[in-house]
Amino acid sequence: MTTCKNLSTPATPNEKLQATGVESAPDITLYRTIVGALQYLKITRPYIAFSVYKASQYVHSPKLQYWVAVKRATYLIANPIFHSRMKRVEVDYHFVRDKVANKDLQVRYISSKDQVADVLTKRLPSSRHADLRMRLTILTSPDQRVVYALRGEIHVQIVDDKGNMVMDEMVKEGDMFVIPQFYACVARAGSNGFEYIAFKTCGEPRKSPMAGYTSVMRAMPVDVVTNSYNDMSPDEALRVKMSRDPQSMLFSPTRRSMD
0 MTTCKNLSTP
10 ATPNEKLQAT
20 GVESAPDITL
30 YRTIVGALQY
40 LKITRPYIAF
50 SVYKASQYVH
60 SPKLQYWVAV
70 KRATYLIANP
80 IFHSRMKRVE
90 VDYHFVRDKV
100 ANKDLQVRYI
110 SSKDQVADVL
120 TKRLPSSRHA
130 DLRMRLTILT
140 SPDQRVVYAL
150 RGEIHVQIVD
160 DKGNMVMDEM
170 VKEGDMFVIP
180 QFYACVARAG
190 SNGFEYIAFK
200 TCGEPRKSPM
210 AGYTSVMRAM
220 PVDVVTNSYN
230 DMSPDEALRV
240 KMSRDPQSML
250 FSPTRRSMD
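Shown next as structure tokens:
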């Protein structure tokens with residue numbers, strides 16, 4: 000293929016292949032070999048599928064005319080990036096090549112098991128889908144969540160149940176944001192990681208122990224506690240913050256880190 004010349008189209012327009020009355024192909028075995036190879040190549044190069052289909056109809060008795068048609072298809076494959084039918088690919092190719100040459104991009108090999116984008120483009124088993132979804136850091140919850148940043152920074156994007164972006168901001172230490180019920184949140188931590196506390200809320204909150212988290216609650220702003228529970232006043236939130244009663248907490252916060 001390195002010596003092939005490239006062409007703009009895989010077949011000549013309006014050309015009709017004939018089975019009789021024309022000269023036979025110079026090498027029937029080579030013709031059949033190339034057609035077989037093209038059958039495989041058309042899987043990734045669908046723009047030659049029609050030409051390969053027509054050429055494969057005459058493998059039992061190939062003619063010179065068919066041989067020319069097959070060579071034309073191979074010429075297109077020889078350099079599919081730079082001919083006129085692939086202008087979009089040409090632009091993309093040069094853009095990426097320039098970025099790599101300028102060391103703005105570093106190209107690395109990624110194993111198929113680490114292709115996180117597969118979750119967006121392929122049908123996957125449930126376990127594989129869940130694993131890739133977790134790697135994308137896409138969070139959803141049947142309950143509303145209030146998140147308070149303890150350390151580091153993170154880029155947060157929240158999308159509502161209709162696909163509208165409702166938040167696209169950097170969250171830093173001391174900031175607080177809310178993930179509404181059934182909204183999706185995509186988060187990417189900074190280079191120093193990110194640590195946070197998350198509260199779940201619901202229409203009918205219940206009491207649960209807060210063992211080991213009292214000191215953390217005292218360090219949190221009143222408005223964070225207020226937003227963690229429905230219809231709680233600032234005074235009530237302050238009492239919750241300062242209380243040492245392990246049953247005074249409505250929900251235990253979950254402390255997590257993202258690196």
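Residue numbers (numbering that gives the first Met the number 0): 0 to 258. Cβ atoms here follow ideal geometry from the backbone N, Cα and C, with glycine treated the same way. Note that this is a predicted model, so its numbers are computed, not measured.
Look at the alpha carbon of residue i and the alpha carbon of residue j, and state the distance between them as a whole number of angstroms.
i      : j      : result
Ala186 : Lys98  : 27 Å
Val165 : Val177 : 11 Å
Leu37  : Leu104 : 34 Å
Asp174 : Ile157 : 15 Å
Arg127 : Ser111 : 12 Å
Lys41  : Ser50  : 10 Å
Met85  : Asp160 : Here Met85 scores only 49 on pLDDT, less than 50, and its place in the model should not be relied on; the value that follows carries that caveat. C-alpha separation (whole angstroms): 38 Å.
Tyr92  : Lys199 : 47 Å
Arg144 : Pro124 : 28 Å
Lys102 : Arg96  : 10 Å
Gln180 : Asn191 : 29 Å
Asn163 : Val223 : 25 Å
Ala148 : Asp113 : 29 Å
Ala100 : Ile27  : 45 Å
Tyr52  : Leu29  : 17 Å
Thr225 : Phe94  : 50 Å
Gln56  : Ile109 : 40 Å
Pro342 : Ala197 : Residue 342 is absent from the model: the chain starts at 0 and stops at 258.
Pro12  : Arg31  : Any answer about Pro12 is weak, because its pLDDT of 46 lies below 50 and its placement is not dependable; what the coordinates show is given next. Those two C-alpha atoms are separated by around 23 Å.
I'd like the span of the alpha helix (DSSP H) that includes residue i, first residue to last.
i      : result
Arg107 : That residue, Arg107, is in no alpha helix (DSSP H); it is neither H nor E in DSSP.
Ile27  : Ile27 to Leu40
Taking Cβ positions, are residue i and residue j nearer each other than 8 Å?
i      : j      : result
Gly189 : Glu152 : yes
Val146 : Tyr195 : yes
Cys184 : Val221 : no
Between which two residues does the beta strand (DSSP E) containing residue i stretch?
i      : result
Tyr147 : Gln143 to Val158
Val165 : Met164 to Lys171
Phe176 : Met175 to Ile178
I think residue i touches residue j, with their Cβ atoms under 8 Å apart; what is that distance to the nearest whole Å?
i      : j      : result
Ala48  : Val34  : Not a contact, Cβ separation roughly 13 Å.
Leu131 : Val106 : The pair is not a contact, with the Cβ atoms about 22 Å apart (cut-off 8 Å).
Phe193 : Arg150 : 7 Å
Is the region 168-183 in contact with the region 108-124, if contact means three or more CB pairs nearer than 8 Å?
no
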